[in-house]
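Heads up: the structure comes next, in structure tokens.
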Amino acid sequence: MDDNIKFLTFARTALKNLFSKPATVKYPYEPAKFTQRSRGHIEIASEQCIACGLCMRNCPPGAIKVDRVAGTWTINPFDCVQCGNCVSLCPKKCLSIVAGYTKPQAHIETQTVKVSPPGPSGKKAPEASQAPLA
């Protein structure tokens, strides 16, 4: 009797799987669907960044480096754990977590972006090619 029940359970499962949709997607051929809570990689809107350094000071693995003198913002994607601290602490909300996969790389490559920290009056500093206003 037990063998018949086991066989019927197996047959029912096999028939159900035979006539239902697959549980997986054909990922590289069809785009993946990401949920709202998916974490992918950090992106910056460099024109809004004031190079305050809050993201760098609060990054647990130390993946972000901000150089106010050089006017650069750098992230090492291999060190970043996508925790979201930098995004939640940014006063200008110029950082965001974009859902999606990080592109595979053969070697460690940092992403450096030129930012323009504000001048003493609170306005953006002039570009290097522009002469300062009198």
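Residue 393 is where the sequence shown starts when you use my numbering, and the numbers rise one by one after that. Glycine is no exception: its CB is placed at the ideal position from the N, C-alpha and C atoms. Owing to the predicted nature of the structure, the values given are computational and were not obtained by experimental measurement.
Exposure of residue i, with buried meaning 16 or more beta-carbon neighbours within 10 Å
i, result
"isoleucine 436", "buried"
"leucine 407", "exposed"
"isoleucine 467", "buried"
"alanine 443", "buried"
"proline 458", "The sequence shown places valine at residue 458, rather than the proline named in the question. Counting Cβ neighbours within 10 Å, valine 458 comes out buried, since at least 16 surround it."
Residue range of the unbroken beta strand (DSSP E) whose run includes residue i
i, result
"threonine 405", "Run containing threonine 405: none in the beta strand (DSSP E); it sits in the alpha helix (DSSP H), 394–411."
"valine 417", "Counting along the chain, valine 417 falls outside any beta strand (DSSP E), and DSSP gives it neither H nor E."
"isoleucine 489", "487–490"
Through-space distance from residue j to residue i, alpha-carbon basis
i, j, result
"cysteine 482", "threonine 427", "23 Å"
"proline 510", "arginine 429", "33 Å"
"glycine 463", "cysteine 447", "15 Å"
"leucine 400", "asparagine 409", "14 Å"
"tyrosine 421", "alanine 415", "16 Å"
"threonine 405", "phenylalanine 411", "10 Å"
"lysine 418", "glutamine 497", "22 Å"
N-terminal and C-terminal residue of the alpha helix (DSSP H) that residue i is part of
i, result
"valine 505", "First-last for valine 505: 503–506, but that is the beta strand (DSSP E), not the alpha helix (DSSP H)."
"serine 438", "Counting along the chain, serine 438 falls outside any alpha helix (DSSP H), and DSSP gives it neither H nor E."
"serine 480", "477–481"
"glycine 449", "Going by the sequence as given, residue 449 is arginine instead of glycine. Segment 446–449, the alpha helix (DSSP H) holding arginine 449."
Residues near residue i in its chain [Cβ-Cβ closer than 7 Å; skip 5 each side]
i, result
"proline 469", "His433, Thr494, Gln503"
Own chain residues within Cβ distance below 6 Å of residue i, not counting five before or after
i, result
"proline 453", "Asp471, Val473"
Short Cβ contact (8 Å threshold) for residue i with residue j
i, j, result
"serine 438", "lysine 484", "no"
"arginine 431", "isoleucine 489", "yes"
"cysteine 451", "cysteine 486", "no"
"cysteine 475", "isoleucine 456", "no"
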